[in-house]
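Residue numbers 40 to 442, in our numbering, belong to the letters of the sequence shown in order.
Working notes for the structure below.
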Amino acid sequence: MLKYYKNKSIFVTGAPGFLGTVIIYRLISLCEVQHIYVLCRGGIQSVLSKTRRLRSNWCQVLPEETVNALCDPSRLTVFDGDIRLPEMDISKDKLDMVRTQVDVIIHAASSINLVTPLAGLFDVIIRSSDMIGCFALSCPKLDRFVYVSTAYANGHLSPSSHTCDIEVDERVYDLGSSASVIEELAEVERHGTSKAYQAHEFPWPYAYAKNLTERLLARRFQDNRSMNKLLIVRPSIVGPSQSVPYPGFCLPLSAPMLMLAAGMALTTSQNMRIGTDLPDPDSQATLDGVPADVVADRLIAHVAAGKAVYIHAVSGERARYKTRDVWQQAMQFRPIPWDLKLVWGLNGWGSPNQHFLCRQYNLLGVSYTFSEKRTVEVSNTLSPEERKELQLFTQVKRPAKSQ
């Protein structure tokens, strides 16, 4: 499967970030790519500074030749740019070079601020992704355009009648709007909201912005008769790597689950009220946190497989955590002299009466089951050596129970 990447040129946005860093590391360490072009907001010096710091970390656990390959300028070129600006703020000659040479585009750059109003996400998520998607369609050699979305783009769904879990398949869910996605786009641009957004209970504006962007990109690629070139990857809550470049690898402030646990440990509150509709939230409320290397390897595998349009990059029912287990783990590191009591409020997961941490994360009292069917299918086509090499599934590790 990985032979697909031999002599391929790849353009990546979001590479200075946590997930983008892991994606580039895996592309260079696993695949015989010809060249990787990286878009970095903030200039080349910003990238070089981060590269030096990452290189120092990698040198502690990786062979020197691997680190040299990762930072080899003959394999990686950094462009100063900004996804929010026309033509990504890349000079015409460089943009034309990328357009004529690139085979795969991976758009991983995004705001991850969950509480930013929808109007504030329009440029950085919706408009910029549309622009990069249209650029991809202008590339004559394009084989695959990858958009990194979120599994919670369908966070507005409700539990089915036979289970407490919200079951999410790897497909598009119709919002039931009479407006076209182009009309919906214009509505959000004009008013900072839409009838479709107001009609559904999304956990955050971020989730709806990703949902709209998915549908917009699908429309662009359908109109261009290029749906076979589109891959939408939906990670759940991205966390530290389980294996590569080394176990626990993470960038500061880039792992929401760790930040949540730290907030639980450090809050001076005595009670933590979590809104829920579950009959037994202690045993039923879950959080799906996925290692960054699992996300990167699923993306790489599905690009090479070339079959799916929508795939989840999640830990799934087998390896997700119970919310109570995350709370118990956080309590082991709590320096505050009084306990933080977990209180379930049976008034819905979107209740304004929740603890401020719960209002921000907003999903602590629910449980999602994200389908992994397409990754299982791809895994079954791999050789034993490829299965061993790729981190396609989360290793099951449970937090230690408090005594």
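No residue lacks a Cβ here, since even glycine has one placed at the ideal position from N, Cα and C.
Since the model is a prediction, treat every value here as computed from it, not as a measurement.
The stretch 200-211 contacting the stretch 328-344, beta-carbon criterion three pairs below 8 Å: As far as the Cβ criterion goes, the stretch 200-211 does not touch the stretch 328-344, which means the pair count is below three.
For the ligand FMN, is there a heavy atom less than 7 Å away from the beta-carbon of Ile-271? As for the ligand FMN, it is missing from this structure, which has no ligand bound.
Roughly how many angstroms lie between the CA atoms of Asp-364 and Ile-221, to the nearest whole one? As a first step, residue 364 is located in the sequence shown; it is residue number 325 there, counting from the start. As a first step, residue 221 is located in the sequence shown; it is residue number 182 there, counting from the start. Counting only the Cα atoms, Ile-221 lies some 43 Å from Asp-364.
Near Glu-209, which residues of its chain fall below 6 Å by C-beta distance, leaving aside the five closest residues on each side in sequence? One-based indexing of the sequence shown puts residue 209 at position 170. If we look at Glu-209 and ignore the five residues flanking it on each side, its Cβ neighbours are Tyr-349, Ile-350, His-351, Ser-410, Arg-413.
State the Cα-Cα distance for the pair Pro-55 and Asp-119, rounded to the nearest angstrom. Residue mapping note: residue 55 aligns to position 16 of the sequence shown, counting from 1. Residue mapping note: residue 119 aligns to position 80 of the sequence shown, counting from 1. Computed Cα separation, rounded: 12 Å.
Out of Tyr-407, Ala-335, Val-382, state which residue places its alpha-carbon closest to the alpha-carbon of Cys-397. The count along the sequence shown starts at 1 and reaches residue 397 at position 358. Out of Tyr-407, Ala-335, Val-382, Val-382 has the C-alpha closest to the C-alpha of Cys-397.
Between the CA atoms of Ser-167 and Leu-58 - distance to the nearest angstrom: In the sequence shown, residue 58 corresponds to position 19, counting from 1. In the sequence shown, residue 167 corresponds to position 128, counting from 1. Going by C-alpha positions, Leu-58 is about 18 Å away from Ser-167.
Pull up the DSSP beta-bridge partners for Trp-383, would you. Within the sequence shown, residue 383 is the residue found at index 344, counting from 1. Residue pairing by DSSP places Trp-383 opposite Ile-313 in a beta bridge.
Going along the chain, which residues of its own chain have a beta-carbon closer than 7 Å to the beta-carbon of Val-417, five neighbours each way excluded? Working through the sequence shown from its first residue, we reach residue 417 at position 378. Counting only Cβ-Cβ distances below 7 Å, and skipping sequence neighbours, we find Ala-340, His-341, Ala-344.
Let me check one thing: in DSSP terms, what residues is His-146 bridge-paired to? What you label residue 146 is simply residue 107 of the sequence shown in a count that begins at 1. Answer by DSSP bridge pairing, in chain order: Thr-52, Tyr-186.
Given that a residue counts as buried once 16 or more other Cβ atoms are within 10 Å of its Cβ, and exposed if not, what is Cys-1? With the chain covering only 40 through 442, there is no way to say anything about residue 1.
Give the secondary structure of Glu-411 by DSSP, where H, G and I count as helix, E and B as strand, and everything else as coil. Taking the sequence shown and counting its residues from 1, one reaches residue 411 at position 372. The three-state secondary structure of Glu-411, taken from DSSP, is coil.
For the pair the stretch 376-396 and the stretch 272-291, tell me if three or more CB-CB distances fall below 8 Å. The stretch 376-396 is not in contact with the stretch 272-291.
Entirely within the stretch 197-283 and at least 3 residues each: give me those beta strand (DSSP E) ranges in chain order. The stretch 197-283 contains these whole beta strand (DSSP E) runs: 205-207, 269-274, 276-278.
Assuming His-146 and Val-185 form a contact by the criterion Cβ under 8 Å, report the distance between their Cβ atoms to the nearest whole angstrom. Locating residue 146 in the sequence shown gives position 107, where the first residue counts as 1. Locating residue 185 in the sequence shown gives position 146, where the first residue counts as 1. His-146 to Val-185, Cβ: 7 Å. Contact.
Quick one: what does DSSP say Asp-119 is sitting in, helix, strand or coil? Residue mapping note: residue 119 aligns to position 80 of the sequence shown, counting from 1. In the structure shown, Asp-119 falls within a strand segment according to DSSP collapsed to helix, strand and coil.
Opposite Arg-361 in the DSSP bridges: which residues? By one-based count along the sequence shown, residue 361 stands at place 322. Rather than Arg, the amino acid found at residue 361 in this sequence is Lys. According to DSSP, which records beta bridges pairwise, Lys-361 is partnered with Thr-325.
For Ile-75, which residues does DSSP report across the bridge? Taking the sequence shown and counting its residues from 1, the one referred to as residue 75 is at position 36. In the DSSP assignment, Ile-75 forms a beta bridge with Ile-49, Leu-115.
Using the DSSP secondary-structure output, state which residues sit across from Ala-352 in a beta bridge. Translated into positions along the sequence shown, residue 352 becomes position 313. In DSSP, Ala-352 forms a bridge with Pro-274.
Are there 16 or more other CB atoms within 10 angstroms of the CB of Val-12, so buried, or fewer, so exposed? A question about residue 12 goes unanswered here, because the residues of the chain that appear run from 40 up to 442.
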